[in-house]
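Working notes, beginning with the structure itself.
Following this line, the structure appears as structure tokens:
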């Protein structure tokens, strides 16, 4: 049995410790908002927060999490940055196929939690690990700036 | 052109005994229940007489007249309006687009409008361009335009009739706006929901009046939000990857590392010992590991030992294939276009003070790599047949293939279409590939619903690529700088050959999808010769966002810049001079050039390039600005797009498709390639098949030509011209034409 804290809830799962957090979330806890895109931390579709840090769930063996680790997924993300980011994404109709967007949003929330005046270079650095094959990058950039403005207001 | 050919192919049947017999409808009541419409809902379709349309664009219902209404719009007592999309939404926003068309004629309030995917039913939901249910060729709005306007107008007329009867007032005095039906004189009003049950009992009108475009309140307006913009930002949108049926198991499939390889022997002892692995089954297409969850299935597959028989496999590398292509290009191919005498015109031009330009273009294999790896859930139904949950793009083909595998009737194959996490052409296959695999595994393991999951490696190595192409072109301008001769040879694979589509898609040895955009180029060359060699390989290939135009537009537009330079002409002026008979192409070219500031001087190291092309009846021009740094590395700074796709239903979605199309074109031009060594694909994942990332993405400015021409597509036409515009921008700085793709091959991309 592995115990993890997801979105503030204690969960117990009967899985091997090397099972990536991604599959624990998706297949064991039926939390499918976190996506499988590449399995090797190259696309960012599986991005969650572990203690607030954006983390690729596909390369995080569940056994590596400590009992105190707090995992936050798209289903449970809250707060000023989350609200601003999701509102900006909706205002600008960022999504196309939408499959990568949970991960994009989790990375953007982490960026704006730390930095409410991101430059284009900051956005490149924070978001380059998140692939969007629909190439919604123009709107992701605009939405991050919009959300930053909301947060500063 | 493509959709006409598909339609003919569909009419001619799919071979292997899979004819396109009409399929019967699913249970209407069950479907209404599934989408929550409940009893008393008004269900409207368009079994109305289709108006006479221009021959080129005329949709045509295939098969006998259907006595049942086509269910396209459901007005429920809870006051929701649900529009059923017969097309797959893989990001292009078609659910929103189709709903907008209905809502406009219905005068619904946008806030009450919902979208849902229609069930698989070829007879009710055929793409009129294809004659089968399917999405592709940027046809979705074009082929739904008339039937959805009529469906919306019919539903509106019935709501008006119900109100007229309820209030005993003349229907002519009843108005509808923003989802409210009103009789001003008596100051009475009712919502759609309040009238739905009464309206549902009325006859469907046989004639409806459609709106004048000047009265549109939704179509063409930029402030409508996509219907999926909330669910796709909070993790609640469901893709087939997220389907979880009771007792569901997960399967991954071991496939031959070489295309055309087959299973020789399997040792599954170690795989069966992996915790969570339930079963291992050998199939024609590979070896499936079935497990309790995805991780166990992947680990189980890693523990398999499979020996493959490569007797019929491709064992060449891509370098060897290209050498074979070059050899083939030495000889004439099958003729795709032949006007005048290209050889003579080129020789004459050279002899009389003109200039000839030679170009050899190499285009690599490319994977589609949609963000959602391919997957499908299949459950065998107790009464026979099965239910498939998938991002289904060619529903009719999938029904037929699944029926063939299971030995049931196509109508016993139910498809529950889900949001698709991208496709770019990948999900529309002539043999339903990944869905067929899932059905085969479900047949072999009937105890539980089976979720077949492809890993990213399966996807990158899994074929159905945009084919490898070689183009050899010689073209000439005369002493006056007029384009007088063009000779082009195209060598590559046909993805239509060997499929049920071959009979109509391949004419006189030429696959139309190989030469589209070249043999029918808009530039008026009096002496034009285009021919093609189709070379076979077990490597599987497929259409890829904008199909033949991905390479033909590139080769054409890069050559045009070289010819303009040889003629001493400005690239925009040179093109403009040749587009006098093509006002819509000239229109987008002029618009893009103006908006980009064409002709204004640029700083050292900056370049500007242009390209213009028609594809899928849509006209697009791109102007690209690039920086070439001191080390010769390039960066795309800005792209200006002008698009004319007729009447625009959702301008913001067209804009989004142009932004995405630009990214798609640039990303693959920069670094995209699939190569093989001894028949084994060299790339495996996004660490080797390098996608466009945020830092690569230029500023994109989109300008839409206002138009009331019939609407055409936007999903694909934003792709073909962006890469040649970038190449021409680099050419303007370096003088070196970029003729081998991707650009990273030339060392100019980090």
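Chains as they are written, first to last, in UniProt numbering: chain E, 1 to 153; chain U, 1 to 750.
For glycine and all other residues, C-beta sits at the position ideal for the given N, C-alpha and C.
- Distances from the alpha-carbon of residue 560/U to those of 389/U, 610/U, 591/U and 542/U put 610/U closest.
- Between the beta-carbon of residue 96/E and that of residue 660/U there is about 6 Å, and that keeps the pair under the 8 Å contact cut.
- Nearest C-alpha to residue 156/U among 272/U, 190/U and 136/U: 190/U.
- For the options 371/U, 493/U and 87/U, the alpha carbon positioned closest to that of residue 536/U is the one of 493/U.
- In terms of CA proximity to residue 260/U, 312/U leads the group 312/U, 284/U and 460/U.
- Setting aside the 5 residues that flank it on each side, residue 551/U is surrounded in the same chain by 363 and 469, each with a C-beta closer than 6 Å to its C-beta; the list follows chain order.
- With a cutoff of 8 Å on beta-carbon distance, residue 648/U and residue 722/U are scored as not near each other.
- For residue 459/U, the enclosing alpha helix (DSSP H) has its first and last residue at 456-461.
- Judged by pairs of C-beta atoms under 8 Å, the stretch 411-421 of chain U touches the stretch 370-387 of chain U, as three or more such pairs exist.
- For residue 686/U, the residues of chain E that pass the 9 Å Cβ criterion are 37, 38, 40, 42, 43 and 131, in the order they occur in the chain.
- By the neighbour-count criterion, in which a residue is buried when 16 or more other Cβ atoms sit within 10 angstroms of its Cβ, residue 284/U is exposed.
- The residue among 368/U, 279/U and 99/U with its C-alpha nearest the C-alpha of residue 111/U is 99/U.
- Cβ proximity to chain E below 9 Å picks out 239, 241, 242, 243, 244 and 250 from the stretch 239-258 of chain U.
- Assignment of residue 652/U by DSSP, reduced to helix, strand and coil, places it in the helix class.
- Within its own chain, the residues whose Cβ lies closer than 8 Å to the Cβ of residue 239/U, once the five positions on either side in sequence are excluded, are 372, 391, 418, 419, 420 and 421, listed in chain order.
- Under the 8 Å criterion on CB atoms, residue 229/U is classed as interfacial with respect to chain E.
- In the three-state reduction of the DSSP assignment, residue 676/U falls in the strand class, which pools E and B.
- Look at residue 732/U here: in three-state DSSP terms it is helix.
- If you draw a 10 Å sphere on the C-beta of residue 351/U, you find fewer than 16 other C-beta atoms in it, and that means exposed.
- Per DSSP, residue 107/U is not a residue of any beta strand (DSSP E), being assigned neither H nor E.
- If you draw a straight line from the Cα of residue 255/U to the Cα of residue 287/U, it comes to about 7 Å.
- With contacts defined by Cβ atoms closer than 8 Å, residue 459/U and residue 369/U form a contacting pair.
- For residue 424/U, there is no enclosing beta strand (DSSP E), since its DSSP letter is neither H nor E.
- Look at the beta carbons and you see the stretch 162-176 of chain U not touching the stretch 449-457 of chain U: under three pairs across the two are nearer than 8 Å.
- In terms of beta-carbon proximity, residue 98/E lines the interface with chain U, with at least one pair separated by less than 8 Å.
- Rounded to the nearest angstrom, the gap between the Cα atoms of residue 480/U and residue 580/U is 18 Å.
- Taking 9 Å as the cut-off between beta carbons, the residues of the stretch 48-75 of chain E near chain U are 73, 74 and 75, in sequence order.
- Around the CB of residue 210/U, fewer than 16 other CB atoms lie within 10 Å, so the residue is classed as exposed.
- Interface with chain E (8 Å Cβ-Cβ cutoff): residue 668/U is excluded.
- Taking 8 Å as the cut-off, the Cβ atoms of residue 136/U and residue 428/U count as close.
- Collapsing the DSSP output to three states places residue 326/U in a helix.
- Under DSSP, the beta-bridge partners assigned to residue 20/E are 61/E.
- Here residue 691/U really is in contact with residue 133/E; their C-beta atoms are around 6 Å apart, less than 8 Å.
- Following the DSSP letters along the chain, one finds residue 689/U in no beta strand (DSSP E), marked with neither H nor E.
- When the beta-carbon positions are compared, residue 72/E and residue 33/E stay at least 8 Å from each other.
- Residue nearest to residue 343/U within the set 242/U, 477/U and 440/U is 477/U (criterion: CA-CA distance).
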